[in-house]
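S.K.: The structure's right below; bear with me while I get my questions together.
Now the structure itself:
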């Protein structure tokens, strides 16, 4: 944990908000860190317009060579979602690395548990409530009109869903060919063949890491979705498959099935050709793990601690491999060799 001085944050805020008087910063604490970011919480009290105001804030600090781009992007996502989707209020993006050791955004702190805390309490009724909150947020995201968001490049607002998908597969194959995990290319080739038989849906906004730990609840149990650095667009089934895969790996098949069934109920959509999207999610997870272990955290835009987190999860690769073999018939011996390399 990095210890931060309240005075440094106070001086920074005085320069940024000269209209704030008598600023006091307190309770600065590094509360958590993930694969790509460190999170600091702090409280701010200041005077303005003859009244005293209190703010509970979060600084989300980015790491790696792409830190500035990620921070700017997440700020733009949160800013555009304001009034259109439940996200924390974002105040600003700051590229200066002096205060927190990296570029950062400041946003409101949602004081309350994650949605996962409700799932894990063991109460069936609470689980049912949590599932409904989860799927409603998920469906609401996919029903937004992505063409109305300025952060989406104009060329993506007219492209056909199939062409967009084919372009993404071509990019993935190129990335793998230029990496040391080219042994995963047979999965891309399977996807390229399979996609010809699939009717792609209209393009949607995607979170790309939508799980219960990325949903915070306030005192009234209003949800707020966080962690938007991977946000993109595409067929909504990509988001659903990623969530289903992660849920099955970390929480079990029953909850994964419940999420899928509830999504169908709330969205009134048929989830056809789901194997294609699950294999795409498996490929993404494997390439994330393998490339991260073979590259430096700086290159991957991740924290130094990420490598140890990846190593802790290497055992999940065997489960992913089982899913791939079961749904495609493809067996990749190099996956076993890779796992053995990092577990022996």
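In the numbering used here, the protein residues as written are 122 to 465. A virtual CB, placed ideally from N, CA and C, is assigned to each residue, including glycine. Nothing here was measured: the structure is a model prediction, and the numbers come from that model.
1) What is the DSSP secondary structure of residue 136, counted as helix, strand or coil?
2) Between residue 206 and the rest of its own chain, which residues show a CB-CB distance below 8 Å, the 5 nearest in sequence each way excluded?
3) Beta strand (DSSP E) containing residue 158: first to last residue?
4) Going along the chain, which residues of its own chain have a beta-carbon closer than 8 Å to the beta-carbon of residue 232, five neighbours each way excluded?
5) In whole angstroms, what separates the C-alpha of residue 138 from that of residue 413?
6) Can you find a CB in chain C that lies within less than 8 Å of the CB of residue 364?
7) Who are the Cβ neighbours of residue 169 in its own chain at under 7 Å, not counting the five residues just before and after it?
8) Let me make sure I understand the geometry here. Which of 328, 134, 433, 353 has the alpha-carbon closest to that of residue 464?
9) Name the two residues that bound the continuous alpha helix (DSSP H) containing residue 307.
10) Output yes or no for whether 8 Å exceeds the beta carbon distance between residue 401 and residue 359.
11) Report the three-state DSSP secondary structure of residue 192 (helix, strand or coil).
12) Rounded to whole angstroms, what is the Cα-Cα separation between residue 191 and residue 323?
13) According to DSSP, is residue 342 helix, strand or coil?
14) Less than 8 Å between the C-beta atoms of residue 145 and residue 161, yes or no?
15) Expressed to the nearest angstrom, what Euclidean distance is found between the alpha-carbon atoms of residue 298 and residue 165?
16) Could you give the distance in angstroms between the alpha-carbon of residue 310 and the alpha-carbon of residue 282?
M.R.: Per the coordinate set shown:
1) Collapsing the DSSP output to three states places residue 136 in a helix.
2) Within its own chain, the residues whose Cβ lies closer than 8 Å to the Cβ of residue 206, once the five positions on either side in sequence are excluded, are 261, 262, 265, 346, listed in chain order.
3) 158-169
4) Answer for residue 232: 177, 339, 340, listed in chain order.
5) Each residue's alpha carbon lies about 39 Å from the other.
6) Although the question refers to chain C, the structure presented lacks it and comprises just one protein chain.
7) 140, 141, 142
8) 433
9) 306-315
10) Using a Cβ distance threshold of 8 Å, residue 401 and residue 359 count as a contacting pair.
11) helix
12) 26 Å
13) coil
14) Result no, Cβ atoms of residue 145 and residue 161 do not sit closer than 8 Å.
15) 49 Å
16) Straight-line measurement puts the Cα of residue 282 at about 19 Å from the Cα of residue 310.
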